[in-house]
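Per full-length UniProt numbering, the very first residue in the sequence shown carries number 1; after that it's consecutive.
Report on one structure; see the data block that follows.
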Amino acid sequence: MGYSDIYAAWKADPEVFWMDAAKGIDWITPPSRALDDSNAPLYEWFTDAEVNTCWNAVDRHVEAGNGGRTAIIYDSPVTDTISYITYDELRMRVARLAGALAAKGVTKGDRVVIYMSMVPEALVAMLAVSRLGAIHSVVFGGFAANELAVRIDDARPKAIIATSCGIEPGRTVHYKPLLDAAIEEATHKPDFCVIFQREQEPAELIPGRDHDWHVFQDGAELADCVPVKGSDPAYILYTSGTTGQPKGVVRPTAGHLVALNWTMKNIYNVDPGDVYWAASDVGWVVGHSYICYAPLIHGNTTIVFEGKPVGTPDAGTFWRVIDQHKVKVLFTAPTAFRAIKRQDSKGEFVGKYDISSLQALFLAGERADPDTIEWAEKLLGVPVIDHWWQTETGWAIAANPLGIEKLPVKIGSPSVPMPGWDVQILDEAGHPVAAGELGAIAAKLPLPPGTLPTLWHAEERFRKSYLDHFPGYYETGDAGYMDEDGYLYIMARTDDVINVAGHRLSTGGMEEVLASHPDVAECAVIGVTDELKGQLPLGFLCTNAGTEKPDAEIVAECVKLVRDKIGPVAAFKLAVVVDRLPKTRSGKILRATMVKIADGAEFKTPATIDDPAILDEIRVALKGIGYAPDA
């Protein structure tokens, strides 16, 4: 069966489709039905089942005789470390930590905050918490103390598990002082903390509260897997909210297992035993879904990579990892490939390695511009698949399902909706628009298994944020269009669609044009306030390493390029060359913050920003062209 047949089969009978997918999971009590619509529009899946996530990710592979298979490869160029953990060894490590946590009173439904760097122990901690039927909330290691405190107060964890520090190229980030300050600031206090001491920066432990990772587990009994209901939360993952108060996305246990297991073969086309590498961080949803859970649930080998695409030590790091570990599928953010392209625009590093094991590259997290996709395709000689999803959804809304059928690639599109997703493009009144017309992207309810059923202790906020604007739909917050063939195009966040003299224009469309300029490595377009036209587009350009052409010449060429490709209607006349763009640690460009700087509005430095110093650089660049008045 091809994609269209399988999608049609899902649409004809979603119940049968998802009950069939559920056969790939080990159940303690199998579900008698898939969808529970008794509390619509708050839908749930597999509510009458009993299951354990850790069993499905670890124990069942050991019981099936695959305990000797490598579960985790730890590759850390920043510490010059490579190590391997089998499924046998992983079960032992997870069961022992779970036993130690249980001995300190962690039980089903308790929350445990995990604040760790990219080490295998982060996955061990996540799995140990799930083994006990408890709920983890991973906070990106190095998050500011006040942001961590907000999450502690919202999740109210019984325990916190942390590493003493994180290792970045050229610096060590001290986590423990941030953790201590967060606990001091938070109203809620955890019963205890477990600290994994890294030799690069051991932390000072507070007697009575803090326990050394290894000492804590001495003599602990191995814990068994605790059954939980299918609808019980597996974890809470905080995503930034428009109010500044983070939103706790809830991930339901059974739907999470079923959906992720289905994606590994059908979307990514990997089989058990294949090496799958998501070059992300456990603090983000990609790290949850595709570093920790999906590969292990499916019986793959997953890579925990502690490094950067460039600078650890060079722009060939990704190719070295693929060669050394025989990676079959790589999943990363477009920003990683833009960084590699900027440093090595001719792709000379690839020739130093054997990357013949690689069968596909998947991109997500930020819009993949056509120039980057074409560069990667030419360099790697494998399918480069853009796919689109969100923290809230946990897995792809739209993708090219390589395990079902490799559909024709349309560069600039993450391809087509996956089974489970009835995607519609709506106008402001909630009516579907014609093919090719820009609108708000929404998904018809119910959402498929594994997606958020609500926000942690914030049902009204969940309804207001996602359901109320378009009744009967989940509002994605993204804008785009669908073509005549059903291919989806994500053009911008809804907030990034700008209104120039009454014309609604996508900043993503302008970025696509700017990225095609041979000297531009990366770019961003924002809308700045204009008295006459309402808004005007303003472009930020990062040039390739070694570019000798003057900035003014590049700007003039880019202005002409947009005028030629999009037309005078875009009113694109403003652009500035900058060294770098402000981004989150997961690679998303902070466009909304740039708009506020340009307009002279007050703003709060986003908690997720990679380097706050970049904002001052942006302000200086904007002042140079007459923007960024003092707030």
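C-beta atoms are modelled at their ideal positions from N, C-alpha and C, and glycine is treated no differently.
> In chain order, which alpha helix (DSSP H) runs of at least 4 residues are fully inside the UniProt domain "Acetyl-coenzyme A synthetase N-terminal" (3-57)?
Replying inline: 3-12 and 14-21
>> Would the region 511-521 count as touching the region 369-376 if we require 3 or more Cβ pairs under 8 Å?
In response: Three or more beta-carbon pairs drawn from the region 511-521 and the region 369-376 are found closer than 8 Å, and the two stretches are therefore classed as touching.
>> Is the beta carbon of Leu257 closer than 8 Å to that of Ile411?
In response: no
> How would you label Ile160, buried or exposed, when you count the other beta carbons within 10 angstroms and need 16 or more for buried?
Replying inline: With 16 or more other Cβ atoms within 10 Å, it is buried.
> Three or more beta-carbon pairs under 8 Å between the region 429-444 and the region 38-47, yes or no?
Replying inline: no
> Between Lys23, Asp59, Leu222 and Asp281, which lies nearest to Ser76 when the distance is taken from Cα to Cα?
Replying inline: Asp281
> DSSP state of Thr302, grouped into three classes?
Replying inline: strand
>> Among the candidates Val559, Pro30, Ala556 and Met19, whose CA atom is the shortest distance from the CA of Pro227?
In response: Pro30
>> Does Lys533 come out as helix, strand or coil in the three-state DSSP assignment?
In response: coil
> Exposed or buried, what is Lys328 when buried is set at 16 or more other beta-carbons lying within 10 Å of its beta-carbon?
Replying inline: Burial call: buried.
> Comparing alpha-carbon positions, which option in Leu358, Arg91, Pro252 and Arg320 lies nearest Glu348?
Replying inline: Arg320
>> Give me the residue from Tyr473, Glu459, Gly450 and Met418 with the minimum Cα distance to Leu426.
In response: Tyr473
>> Please classify Met418 as buried or exposed, where buried requires at least 16 neighbouring CB atoms within 10 angstroms.
In response: buried
> So, is Ala399 buried or exposed, given that buried needs 16 or more other C-beta atoms within 10 angstroms?
Replying inline: Counting Cβ neighbours within 10 Å, Ala399 comes out buried, since at least 16 surround it.
> In the structure shown, what three-state DSSP assignment does Gln390 receive?
Replying inline: coil
>> Using the three-state DSSP reduction, which class does Tyr466 fall into: helix, strand or coil?
In response: Shown here, Tyr466 sits in a helix according to DSSP, grouped into three states.
> Quick one: what's Ser76 bridged to in DSSP?
Replying inline: Thr81
> Are Ser117 and Leu237 closer than 8 Å when you measure CB to CB?
Replying inline: no
> Three-state secondary structure (DSSP) at Pro417?
Replying inline: strand
> Since Lys533 contacts Val500 with CB under 8 Å, what's their CB separation in whole angstroms?
Replying inline: 5 Å
> Would Thr187 be called buried (16 or more neighbouring beta carbons within 10 Å of its own) or exposed?
Replying inline: exposed
>> Tell me the residue span of the beta strand (DSSP E) that contains Val576.
In response: Leu574 to Val577
>> To test your reading of the DSSP string, which unbroken beta strand (DSSP E) runs of 3 or more residues are found completely within the region 331-393?
In response: 360-363 and 384-386
>> If I measure Cβ to Cβ from Ala182 and keep anything under 7 Å in the same chain, skipping five residues before and after, which residues do I get?
In response: Ala145, Leu148, Ala149 and Ile152
> So, is Lys176 buried or exposed, given that buried needs 16 or more other C-beta atoms within 10 angstroms?
Replying inline: buried
> When you compare only the Cα positions, how much space is there between Phe318 and Ile355?
Replying inline: In this structure, the straight-line span from the alpha carbon of Phe318 to that of Ile355 is close to 10 Å.
> What did DSSP end up calling Ser164 once you bin it into helix, strand or coil?
Replying inline: coil
> Which ranges does the beta strand (DSSP E) cover as unbroken runs of at least 3 residues, wholly within the region 81-125, from first to last along the chain?
Replying inline: 81-86 and 111-115
> Quick one: Cα of Lys565 to Cα of Gly316, how far?
Replying inline: 34 Å
> Shorter than 8 Å from the beta carbon of Tyr489 to some beta carbon of chain C?
Replying inline: No chain C is part of this structure, which consists of one protein chain only.
> So what does DSSP say about Cys225, is it helix, strand or coil?
Replying inline: coil
> Which word fits Ser130, buried or exposed, when buried means at least 16 other C-beta atoms lie within 10 angstroms of its C-beta?
Replying inline: buried
>> Quick check on the DSSP output: the alpha helix (DSSP H) that includes Cys193 runs from which residue to which?
In response: Per DSSP, Cys193 belongs to no alpha helix (DSSP H); it is in the beta strand (DSSP E), Phe192 to Phe196.
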